[in-house]
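A.B. asks: Please find one structure pasted underneath; my questions will follow.
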Amino acid sequence: MRQTQLFANTLRAAPAEAEVMSHRLLLRAGFIRQLAAGIYTYLPLGRRVLHHIERIVREELDGAGAQELLMPALQPAELWRESGRYEAYGPELIRLTDRHQREFALGPTHEEVVTMLVQQEINSYRRLPVTLYQIQTKFRDERRPRSGLLRGREFLMKDAYSFDTSWEGLDRSYRAMYAAYQRIFERCGLATRAVEADAGAVGGQGGTHEFMALADIGEDIIAVCSHCGYAANIEKATSREECNEGMGHHVPAYEKIHTPGVRTIEQLTQHLQLEPSHFMKTLIYMADGNLVAVLVRGDHEANELKVKNALGADTVALADAEAITGVTGAAVGFAGPIGLTIPLLVDDAVARMACGVAGANESEYHVKHVVPGRDFTIERVGDFRNVKEGEACTRCEPGKLRLVRGIEVGHVFKLGTKYSEVLGARYLDANGREQLVMMGCYGIGVSRMLSAIVEQHHDDRGIVWPTSIAPYSVHLIPISMKDETQRNVAMTIYDTLRRRKIDVLLDDRDERAGVKFNDSDLIGLPIRIVVGKDAIHGKVEYVDRYTNDKQLLAIDDALLRVSASN
Ligand code: 9G3
Numbered sequence: 001m002r003q004t005q006l007f008a009n010t011l012r013a014a015p016a017e018a019e020v021m022s023h024r025l026l027l028r029a030g031f032i033r034q035l036a037a038g039i040y041t042y043l044p045l046g047r048r049v050l051h052h053i054e055r056i057v058r059e060e061l062d063g064a065g066a067q068e069l070l071m072p073a074l075q076p077a078e079l080w081r082e083s084g085r086y087e088a089y090g091p092e093l094i095r096l097t098d099r100h101q102r103e104f105a106l107g108p109t110h111e112e113v114v115t116m117l118v119q120q121e122i123n124s125y126r127r128l129p130v131t132l133y134q135i136q137t138k139f140r141d142e143r144r145p146r147s148g149l150l151r152g153r154e155f156l157m158k159d160a161y162s163f164d165t166s167w168e169g170l171d172r173s174y175r176a177m178y179a180a181y182q183r184i185f186e187r188c189g190l191a192t193r194a195v196e197a198d199a200g201a202v203g204g205q206g207g208t209h210e211f212m213a214l215a216d217i218g219e220d221i222i223a224v225c226s227h228c229g230y231a232a233n234i235e236k237a238t239s240r241e242e243c244n245e246g247m248g249h250h251v252p253a254y255e256k257i258h259t260p261g262v263r264t265i266e267q268l269t270q271h272l273q274l275e276p277s278h279f280m281k282t283l284i285y286m287a288d289g290n291l292v293a294v295l296v297r298g299d300h301e302a303n304e305l306k307v308k309n310a311l312g313a314d315t316v317a318l319a320d321a322e323a324i325t326g327v328t329g330a331a332v333g334f335a336g337p338i339g340l341t342i343p344l345l346v347d348d349a350v351a352r353m354a355c356g357v358a359g360a361n362e363s364e365y366h367v368k369h370v371v372p373g374r375d376f377t378i379e380r381v382g383d384f385r386n387v388k389e390g391e392a393c394t395r396c397e398p399g400k401l402r403l404v405r406g407i408e409v410g411h412v413f414k415l416g417t418k419y420s421e422v423l424g425a426r427y428l429d430a431n432g433r434e435q436l437v438m439m440g441c442y443g444i445g446v447s448r449m450l451s452a453i454v455e456q457h458h459d460d461r462g463i464v465w466p467t468s469i470a471p472y473s474v475h476l477i478p479i480s481m482k483d484e485t486q487r488n489v490a491m492t493i494y495d496t497l498r499r500r501k502i503d504v505l506l507d508d509r510d511e512r513a514g515v516k517f518n519d520s521d522l523i524g525l526p527i528r529i530v531v532g533k534d535a536i537h538g539k540v541e542y543v544d545r546y547t548n549d550k551q552l553l554a555i556d557d558a559l560l561r562v563s564a565s566n
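If you read the sequence shown in this note's numbering, its first letter stands for residue 1, the second for the next number, and so on.
Below, the structure is given as structure tokens:
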């Protein structure tokens with residue numbers, strides 16, 4: 001490809017709203033352009049990378065025995081009503097009506113569509129198991145699209161669905177997809193970690209894992225054990241709390257203390273000169289319209305998802321100031337467990353405290369010497385908090401938990417019969433009895449991978465594409481196309497590489513060398529061949545973009561090096 005013809009230019013600077021590096025670099029290097037918030041055009045360079053990622057996904061999915069199909073983005077609302085999800089997803093589900101006023105949704109995922117397809121096509125156990133997949137555009141009206149392709153409103157997903165006749169069968173399909181995911185991410189140069197995750201609204205009766213691309217700008221926090229293989233999304237991660245102070249037997253009766261204007265744990269520690277771990281934080285939540293109090297230790301954070309799962313609630317959120325004052329009789333910041341009339345969820349670590357300081361449910365007052373179980377009843381004890389860095393691993397003896405950030409690039413679920421039940425996907429088993437198909441579903445954010453790879457593969461000069469997915473393998477740069485020798489040598493190399501089916505981008509622009517090198521660093525092709533003044537002696541400069549190692553080589557040796565690295 002000649003760069004004078006390549007559509008889209010590099011930009012000197014990225015727009016201010018582009019914050020994360022991958023967003024800035026993909027814009028500046030000419031890989032994507034924004035059409036609207038969360039909606040992007042993949043320019044030729046970007047489309048070529050997507051093509052390579054898709055190729056690798058197809059090779060691994062086909063290799064795992066899955067079959068590719070392509071389902072519509074336009075999905076009849078009736079399907080979503082039948083599965084009970086039409087209302088559940090609120091404004092994130094993009095709805096529209098056709099010219100006959102019939103209602104449709106733009107597909108955010110395809111459980112309903114694929115289950116109906118299988119329900120119509122398969123009625124015998126002989127036709128199972130089957131795993132179907134597609135690489136297709138999804139629509140989700142994110143409230144706040146951001147970080148370029150990392151959180152878009154129209155994006156490319158590989159979504160796969162497995163159909164089996166038993167839990168064992170589902171387990172086999174799940175493991176096959178899990179292993180295929182590991183190979184896909186490895187081949188694309190993406191360092192990922194599979195973590196135990198929460199099944200969320202998708203539900204399903206089995207396990208679920210997320211594949212996290214390790215990156216500091218990742219929205220997800222994962223806990224990883226330093227010793228064994230335990231890794232879990234913080235939403236779900238547990239730890240082994242060591243300290244256990246036991247019941248406080250000789251603790252004097254609790255007493256109020258005047259704490260004017262002291263509302264936060266930080267202010268309390270200052271005021272009372274006590275460690276945060278001596279306090280009990282009382283958080284008031286609204287869960288499906290009912291008020292609930294959650295007690296966690298002062299040095300811990302409440303975990304909303306664990307509270308939600310414990311209550312089996314659909315929505316859980318911190319109550320507003322008015323509700324808090326209404327139920328505690330005090331201003332915000334003085335809530336406590338004593339005298340509360342709403343259900344109390346007590347975190348394990350609080351239940352084990354000998355005594356502590358809590359809000360007095362009276363403005364400007366706290367209470368000290370509060371003993372859980374003595375001064376307030378403990379109806380529900382459980383794990384309602386986030387694990388912390390350095391806590392002991394629950395799965396092994398010596399391990400400590402580290403917290404790292406990640407970008408979710410894959411998610412695999414064991415659905416069981418959740419969709420086959422509501423949509424009636426049944427088959428006749430060997431005894432002629434009707435059974436529900438056992439389903440799994442498996443997603444990879446293909447366009448999100450593009451950004452995640454750039455997050456993991458860039459330096460201060462630009463992108464550094466892994467060879468397997470680079471838009472071109474070689475950046476061939478004559479210093480001057482006006483110089484006949486350089487032009488002839490460059491065209492000889494160009495023609496040879498193309499004859500050898502090696503993707504090469506020829507920078508034939510009439511630009512200064514500095515501009516060419518800066519653009520080449522930005523675009524980030526793995527190999528650069530510079531044709532300069534040494535061309536007269538039949539030598540060219542071979543540059544490795546990753547190591548920035550430069551070597552003056554005879555033309556044939558340079559060509560050999562290129563072939564060897566592809
Ligand atoms: C919706 C909307 C957004 C959604 C969903 C439905 C996420 C929804 C979860 C999944 C589960 C798996 C198959 C591939 C792997 C992930 N966001 N999910 O179901 F209507 Cl608006 O998509 N689907």
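Here a beta-carbon is modelled for each residue, glycine too, at the ideal position from N, C-alpha and C.
1. Keeping to the same chain, check which residues put their C-beta closer than 7 Å to that of R2; ignore five residues upstream and five downstream.
2. Among P76, V464 and R512, whose alpha-carbon lies nearest the alpha-carbon of S451?
3. Between which two residues does the beta strand (DSSP E) holding H23 run?
4. Only counting the same chain, and skipping five residues up and downstream in sequence, which positions put a Cβ closer than 7 Å to that of A319?
5. State whether the region 417 to 435 contacts the region 105 to 121, with contact taken as three or more CB pairs (one from each stretch) at a distance under 8 Å.
6. Measuring straight from C-alpha to C-alpha, what distance separates N361 and R263?
7. Check each candidate in V224, R193, P15 and L170 and name the one with the smallest Cα separation from G207.
8. Express the C-alpha separation of G229 and S277 in angstroms, rounding to a whole number.
9. With DSSP run on the structure shown, which of helix, strand or coil describes S162?
10. When you compare only the Cα positions, how much space is there between T192 and R240?
11. Should A64 be labelled buried (16 or more other beta-carbon atoms within 10 Å of its own) or exposed?
12. Hey, is A160 close to the ligand 9G3, as in C-beta under 8 Å from one of its heavy atoms?
13. Please state whether the Cβ-Cβ distance between S420 and Q119 is less than 9 Å.
14. In the region 345 to 372, which residue ranges form an unbroken beta strand (DSSP E) of at least 3 residues, counting only runs that do not cross its ends?
15. Just grab the DSSP bridge partners of A213 for me.
16. Out of curiosity, what's the CA-to-CA distance linking I323 and R352?
17. Rounded to the nearest angstrom, what separates N566 and K158 at their Cα positions?
18. If you draw a straight line from the C-alpha of M21 to the C-alpha of L74, how long is it?
19. Take G390 and list the residues in its own chain whose beta-carbon comes closer than 6 Å to its own, dropping the five residues that flank it on each side.
20. What residues are listed by DSSP as bridge partners for A232?
21. Using alpha carbons as the reference points, say which of F7, E68 and P15 lies closest to Y42.
22. Could you spell out the range, first to last residue, of the alpha helix (DSSP H) harbouring V184?
23. Compute every distance between the C-beta of E111 and the non-hydrogen atoms of the ligand 9G3, then say whether any falls below 8 Å.
24. Expressed to the nearest angstrom, what Euclidean distance is found between the alpha-carbon atoms of K368 and G382?
25. I'd like to confirm the pairing. Which residues does DSSP put opposite L318 in its beta bridges?
26. Between which two residues does the beta strand (DSSP E) carrying Q273 extend?
27. How big is the Cα-Cα spacing for D503 and C396?
28. Only counting runs of 4 or more residues, tell me where the alpha helix (DSSP H) segments fall wholly within the region 107 to 132, in order along the chain.
29. Which runs of the alpha helix (DSSP H) at least 4 residues long sit entirely within the region 477 to 508? Give them in chain order.
30. So, with DSSP's three-state summary, where would you put F31?
C.D. replies: Considering the structure as presented:
1. Only L506 and D508 meet the Cβ criterion.
2. In terms of Cα proximity to S451, the closest of P76, V464 and R512 is V464.
3. It is not in any beta strand (DSSP E) - H23 instead sits in the alpha helix (DSSP H) that spans M21 to R28.
4. Counting only Cβ-Cβ distances below 7 Å, and skipping sequence neighbours, we find I284, Y285, M286 and L291.
5. In short, these stretches touch, since the Cβ pair count reaches three.
6. Between N361 and R263, the alpha-carbon positions lie close to 12 Å from each other.
7. Of the listed residues, the one whose Cα sits closest to G207 is L170.
8. When rounded, the distance between both Cα atoms is 29 Å.
9. Strand.
10. The straight-line gap from Cα to Cα measures roughly 25 Å.
11. Buried, by the Cβ-count rule.
12. Answer for A160: yes, Cβ within range of the ligand 9G3.
13. Yes, these two residues count as a Cβ contact at 9 Å.
14. Runs of the beta strand (DSSP E) lying entirely within the region 345 to 372, each at least 3 residues long, are 356 to 362 and 365 to 370 in chain order.
15. T192 and I407, per the DSSP bridge assignment.
16. Here residue 323 is Ala; the residue named in the question, Ile, does not match the sequence. Straight-line Cα distance between these residues: approximately 29 Å.
17. Answer to the nearest angstrom: the Cα atoms are 26 Å apart.
18. Inter-residue distance for M21 and L74 is about 34 Å (C-alpha atoms, whole angstroms).
19. For G390, where only same-chain residues beyond five positions count, the Cβ hits under 6 Å are K400.
20. As a beta-bridge residue in DSSP terms, A232 pairs with E196 and A223.
21. Of F7, E68 and P15, the residue nearest in Cα terms is F7.
22. Looking at the sequence shown, residue 184 is not Val but Ile. Per DSSP, I184 belongs to the alpha helix (DSSP H) from W167 to R187.
23. Yes, Cβ of E111 sits closer than 8 Å to a heavy atom of the ligand 9G3.
24. Straight-line Cα distance between these residues: approximately 23 Å.
25. The partner list for L318 (beta bridge, DSSP) reads Y285.
26. Looking at the DSSP string, Q273 is not in any beta strand (DSSP E), and its letter there is neither H nor E.
27. Going from the Cα of D503 to the Cα of C396 covers about 49 Å.
28. The alpha helix (DSSP H) runs lying completely inside the region 107 to 132 and spanning 4 residues or more are 111 to 121, given in chain order.
29. 484 to 499, all fully within the region 477 to 508.
30. Here F31 sits in coil by DSSP.
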